[in-house]
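Participant:
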Amino acid sequence: MPAMLCNVRGGSWACSDHERAYHHCVVLNGEGEAKVDPLTSVDEVTRLAAVMATVKRAAHSVSPSAATQPGPSRRGGFNLHVPVSMSNEQWYARVKLQSFGPRTLHERMMANEWATLGVLGDMLPEFVPRALMPKHQSGDELLFFIQRVEGRSVHDYTTPFTTAQFSRLINDLATVYIRLASRKFTGIGSLTSTGAVGPLSGPAGTTVRPIFFSAPRGPFATAKERYLAQIDHVLDLIERGAWSRQDAVGAYLFHLELRALVEGCAEMGELGPTYLAHGDDRGDHIFIRPDGGIAGVIDWELAYTAPLAEAMCPRFLSSSSSNAPSPLEEALCAALVSRGHPELAAAIPRGRKHLRLNLLLGSGVRELDAQRVWLVRHAFLGDAAGPPHKSLREWLREARETYAAHEGLQRVMATVDAPTSRRARLYLIDLERREVLARRPSPASSRSSTPTLAAEDDNEKADDWVFVITPPAEAALEKPKPRSLFRKLSTKALAGWRGATKVAS
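Following the UniProt record's numbering, the numbering of the sequence shown begins with 1 at its first residue and continues without gaps.
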């Protein structure tokens with residue numbers, strides 16, 4: 001993470017270098033004294049008992065016959081789900097955990113989800129669960145009730161999809177996006193109780209990082225206005241010290257490059273209608289039935305309105321290592337074209353710019369590698385991006401030369417003293433591990449074939465912020481993460497679906 005926890009309000013904030021003394025958190029910019037997670041100081045058992053009491057009171061305000069169920073509660077990243085029975089139907093109390101950020105953030109996110117579900121109830125009645133709001137929010141908890149969705153999350157499947165299952169899933173997914181594209185909005189932001197577009201509710205659209213708790217929220221007229229505001233916010237916070245000093249220069253350079261790409265993109269500045277984007281579409285938001293059809297699409301708390309290309313680019317179907325359309329995206333495009341919506345199919349590959357920005361905004365060097373930097377360049381510049389850099393260090397050197405005269409960069413570099421530079425040598429060791437791992441021809445290669453990360457410039461200063469590190473032992477190298485299980489399970493079904501599609505045509 002680019003920022004570390006400090007002790008403001010029980011260690012819930014994320015500043016850099018501030019963990020020892022009480023202070024006003026620069027990241028929160030006015031919300032530093034806000035109340036966070038009112039029960040962080042008590043144990044989980046006491047917390048759950050308090051939540052259950054609140055849920056019972058809230059449920060009775062909606063339905064006098066309501067009763068909590070003995071089944072297990074489900075805990076996600078933002079919410080705790082407590083099973084409740086109302087009018088012989090199965091529901092969940094969706095309780096905000098409030099485990100990060102100010103309470104006002106969670107109030108906004110819940111209000112946005114409630115307003116979004118109201119709009120989606122008309123657009124996607126068969127795919128979006130019903131929701132009920134208690135008459136009064138009591139105590140410190142924030143909650144509402146949501147109907148239980150049958151089926152399993154896409155991520156929970158452990159057996160391959162059949163061709164029939166895959167076909168139903170893709171066709172239902174096409175229906176969801178066709179419906180979402182049927183309603184136009186004006187501006188970029190989150191929905192209000194009236195259905196209008198207001199300020200963004202979450203930290204920053206699809207980027208849930210503490211650095212964005214105080215980011216400008218709009219609403220914005222164009223994508224360029226939104227991204228530049230958020231990038232400038234990151235640059236400002238880095239200059240003000242709200243970032244790990246060991247990562248500050250690299251993070252600053254990366255966001256300078258992002259700013260130049262956005263500023264130079266005419267498409268980003270175009271005015272036009274916007275459409276609902278889910279905001280957290282990693283795949284676990286879709287529940288499917290045994291036949292492959294979509295039973296429900298959940299978790300709309302980070303939803304916001306966005307240009308068509310951004311709203312039509314589902315993250316969980318895309319490739320993390322290429323800007324070319326993935327086989328799953330090609331299947332969705334084919335389904336959209338077959339149903340008379342080629343304009344929606346054409347929007348999916350144009351969403352790459354937004355996908356890369358939303359994934360990488362707020363990133364530091366620890367979260368980057370040469371391939372990721374190149375992917376965002378290529379999304380904007382195409383073939384003009386040139387080949388990827390051989391290593392992240394190579395890109396860092398090039399970027400430092402490009403922006404050497406930038407006054408903000410000079411101010412940040414002035415704060416990186418010699419002790420910090422020495423600590424940064426250890427901090428960047430994971431970067432070097434990734435570089436070594438990426439250069440190895442195969443896992444079976446001998447250790448002697450591992451390339452040496454020697455200095456490319458013999459005059460490189462030892463206390464410079466770009467470091468030369470002796471590679472660690474091969475056994476300590478990080479292993480590559482496995483592919484998404486959903487993509488793996490879809491492979492054979494996709495091939496069968498393609499064959500059936502060709503026969504039908």
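Built from N, CA and C at the ideal position, the CB exists for glycine as well.
According to DSSP, simplified to helix, strand and coil, what is M312?
Facilitator: Coil.
Participant: According to the Cβ coordinates, are A345 and L308 closer than 8 Å?
Facilitator: Not a contact, by the Cβ cut-off of 8 Å.
Participant: If you count every other CB in all the chains shown that lies within 10 Å of the CB of K96, and 16 or more means buried, which is it?
Facilitator: K96 comes out buried.
Participant: Under the DSSP definition of a beta bridge, which residues are partnered with F78?
Facilitator: Answer is none; F78 lacks a bridge partner.
Participant: Is the separation between the beta-carbon of A115 and that of I188 shorter than 8 Å?
Facilitator: It is not a contact, given that the beta carbons lie outside the stated cut-off.
Participant: Would T222 and G269 qualify as a contact pair, given that the criterion is a beta-carbon distance under 8 Å?
Facilitator: For T222 and G269, yes; Cβs fall inside 8 Å.
Participant: Note down the Cα distance separating R245 from T415, rounded to an integer number of angstroms.
Facilitator: Computed Cα separation, rounded: 8 Å.
Participant: Helix, strand or coil: how does DSSP classify A242 here?
Facilitator: Note: A242 maps to coil in three-state DSSP.
Participant: Using the Cβ count rule (16 or more neighbours within 10 Å means buried), how would you classify T274?
Facilitator: So T274 ends up on the buried side.
Participant: Specify, as a first and last residue, the run of the beta strand (DSSP E) that residue 506 falls within.
Facilitator: This structure leaves residue 506 out entirely; the chain is present only between 1 and 505.
Participant: Exposed or buried, P314, counting other C-beta atoms within 10 Å across all chains shown (16 or more means buried)?
Facilitator: Buried: at least 16 other Cβ atoms inside 10 Å.
Participant: Spatial neighbours of H23 within its chain, please: CB distance less than 6 Å, with the 5 preceding and 5 following residues excluded, ordered by chain position.
Facilitator: Caution is warranted here: a pLDDT of 45 is assigned to H23, below 50, making its placement in the model unreliable, and the coordinate value is therefore given only provisionally. Counting only Cβ-Cβ distances below 6 Å, and skipping sequence neighbours, we find nothing.
Participant: If you run the structure through DSSP and keep just helix, strand and coil, what is T116?
Facilitator: Helix, per DSSP.
Participant: On a Cα-Cα basis, can you pick out the residue from A111, P325 and K224 that is closest to F144?
Facilitator: Checked all of A111, P325 and K224; the closest Cα to F144 is A111.
Participant: Indicate the three-state DSSP secondary structure (helix, strand or coil) for N459 in the structure shown.
Facilitator: Low confidence applies here, because N459 scores a pLDDT of 36, under 50, leaving its location unreliable; read the following figure in that light. Three-state DSSP puts N459 in coil, outside helix and strand.
Participant: To the nearest angstrom, report how far apart S214 and A331 are at their CA atoms.
Facilitator: Taking the straight line from one Cα to the other gives about 39 Å.
Participant: Could you give the residue range of the alpha helix (DSSP H) that holds V297?
Facilitator: Premise fails: V297 lies in the beta strand (DSSP E), I294 to V297, not in any alpha helix (DSSP H).
Participant: How far does the beta strand (DSSP E) with F127 in it extend, from its first residue to its last?
Facilitator: Element bounds for F127: n/a, residue is neither H nor E.
Participant: Look up G340 in the DSSP assignment and give the residues it is bridged to.
Facilitator: DSSP lists no partner for G340.
Participant: Compute the minimum distance between the beta carbon of S190 and the heavy atoms of the ligand FMN, and state whether it is under 7 Å.
Facilitator: With respect to the ligand FMN, the structure shown offers nothing to examine, as it has no ligands at all.
Participant: My assumption, with CB atoms under 8 Å, is that L317 sits in contact with L328. Please give the rounded CB distance.
Facilitator: That belief holds up - the Cβ atoms of L317 and L328 are roughly 4 Å apart, short of 8 Å.
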